[in-house]
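S.K.: All residue numbers for the sequence shown refer to the numbering used here, where the first residue is -17 and numbers rise by one. Sharing a structure below in structure tokens format, with a few things to ask.
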Amino acid sequence: MKRVALLLIALFLAGCGTQAPFFAATPEVSQRAAAPQALSTPTEETTQTPDATFTSEPFALQFTPVPTETPLPALELPTEVRFPPAFQIWDGLPTYLAESKPDFYFRLRFDPDVWALTTDNFGFPALGHRAIPSCVISPAAGRGLPLNATVEHDVRRLGPVNYDINTAYVNNVKQFVNYAGGDANIYTAFVVAFTDQADQCLKDAETVLAALTSVPASQATPVPTP
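Dropping the structure here:
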């Protein structure tokens, strides 16, 4: 038994002294997948074009012609009046005193180049037309009419005044026209008489009558009566 034990011990010691077997190192395989490499496409070699050579020329501005404007026609201006006439006034007592306020006069404004303050055939103040001698504006006074006369009545507004207008005819020929009207202070009447150029006479007379107003007696400059 001792021999067997000694033999086992000898074998154990021999095994320990033996060199360990050599294992060749296996190369480690990389786990990274080889990344695919992009195939390089052959690029066409670009040929550079030589820069163009500019020849310097004299600098000149080019202007675009502007269309010619059509000239506007000249304005037609009225003829200048070197010395425009100042209007004159005619103040007088209204012919209808009962229908007028006391101490008020009528007032007419007239162009002295067309009319002149004068007296009628009865000596009372009146306006006489300078270009039509028979054309006269005077305060209305009662006058008789021949039997063959006719009267045409009308109501018209001249300026701010409403006039009752009576036109007398004899044998269908216009003889004279009576105008009666006023404002809040006076009521008066005028007669326009003529022997020729009746239409022009009445046109100019109505321009004067359209300016009828009233003024207090303290501001009036009445024409003396005979």
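Don't be surprised by glycine CBs; every beta carbon is placed ideally from N, CA and C. Keep in mind it's a predicted model, so treat the numbers as computed, not measured.
1) Can you tell me the Cα-Cα spacing of ASP146 and ASP85, whole angstroms?
2) What does a CB cutoff of less than 6 angstroms around CYS117 pick up in its chain, not counting 5 residues either side in sequence?
3) What number of angstroms, rounded off, separates the C-alpha of ALA56 from the C-alpha of ASP95?
4) Do ASN130 and VAL159 have their C-beta atoms closer together than 8 angstroms?
5) Let's see if you can read the secondary structure: which residues bound the beta strand (DSSP E) around LEU140?
6) Within this structure, are the beta carbons of PRO210 and GLY164 separated by less than 8 angstroms?
7) Between which two residues does the alpha helix (DSSP H) carrying VAL190 extend?
8) From the DSSP output, in three-state form, read off ASN103 for me.
9) Roughly how many angstroms separate the alpha carbons of VAL133 and ASN154, rounded to a whole number?
10) If you compare alpha carbons, which of ALA180, SER82, ALA68, ASP93 is closest to ALA199?
11) Quick one: what's ALA122 bridged to in DSSP?
12) Leaving aside the five residues before and after ARG138 along the sequence, list all residues of the same chain whose C-beta is less than 8 angstroms from its C-beta, in chain order.
13) With distances taken from CA atoms, which of TYR161, ALA98, GLN157 is nearest PHE69?
14) Within this structure, are the beta carbons of VAL253 and TRP72 separated by less than 8 angstroms?
M.R.: The structure says:
1) 24 angstroms
2) HIS111, PHE176, CYS183
3) The pLDDT assigned to ALA56 is 49, lower than 50, so where the model puts this residue is not dependable; a value taken from the coordinates is nonetheless given after this. Whole-angstrom Cα-Cα distance: 31 angstroms.
4) no
5) 131 to 140
6) Shown here, the chain extends from -17 to 208; a query on residue 210 therefore has no answer.
7) 180 to 191
8) coil
9) 10 angstroms
10) SER82
11) Paired residue(s): none; ALA122 is not in a bridge.
12) ASN144, TYR145, ILE147
13) ALA98
14) The structure shown does not extend to residue 253, since the chain is modelled only from -17 through 208, so no value can be given for it.
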